[in-house]
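Remarks on the structure that follows.
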Amino acid sequence: MIHRSIRILAAFAAASLASAALAQQAAPAAAPAAPLPKHSCPKPGDFPGNLASDLQKRSWQKDYVDYVDCLKKFIEEQQALADPHIKAANAAINEYNSGVKEYNAQIEKAKNN
């Protein structure tokens, strides 16, 4: 009984030392934060109102549609730039989850021996 407890404690200690060593090796140096990109879409002015001429209303509506289209384009570009980083993060998450699952299986196996 005592030997079994010692083996389990030794397994926990070895696993924690190994995970601490891996965590120290895997931690990359923090990169300085880059400034966030901003769109350069010209925002339309205030809506001209009901007393404005049809020409003014159509002109404002065209400016508004151009503004929204510009924002959509900016969003698509930023999402395309972020996509490889998101995929890399998800791959790391999957690897982490697999590692934890394997670690837990080994601990459970050690408990049963």
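Quick note: the sequence shown uses our numbering, first residue 1463, plus one each step. Using N, Cα and C, we set each Cβ at its ideal position, and we do this for glycine too.
query                                                                                      : result
Ser1521, DSSP secondary structure in three states                                          : helix
Tyr1529 vs Lys1505 beta-carbon contact at 9 Å                                              : yes
Reduced DSSP category for Val1513 - H, G, I as helix; E, B as strand; rest coil            : One detail in the question is off: residue 1513 reads as Leu in this sequence, not Val. Leu1513 falls in the coil class under three-state DSSP.
DSSP three-state assignment for Cys1503, whether helix, strand or coil                     : coil
CA nearest to the CA of Tyr1526, picked from Phe1536, Phe1509, Ser1515, Pro1497            : Phe1509
Same chain, Cβ closer than 6 Å to Pro1576, five either side skipped, listed in chain order : Here the chain has residues from 1463 to 1575 only, and residue 1576 is not among them.
Inter-residue spacing [alpha-carbon to alpha-carbon] between Gly1561 and Lys1500           : 39 Å
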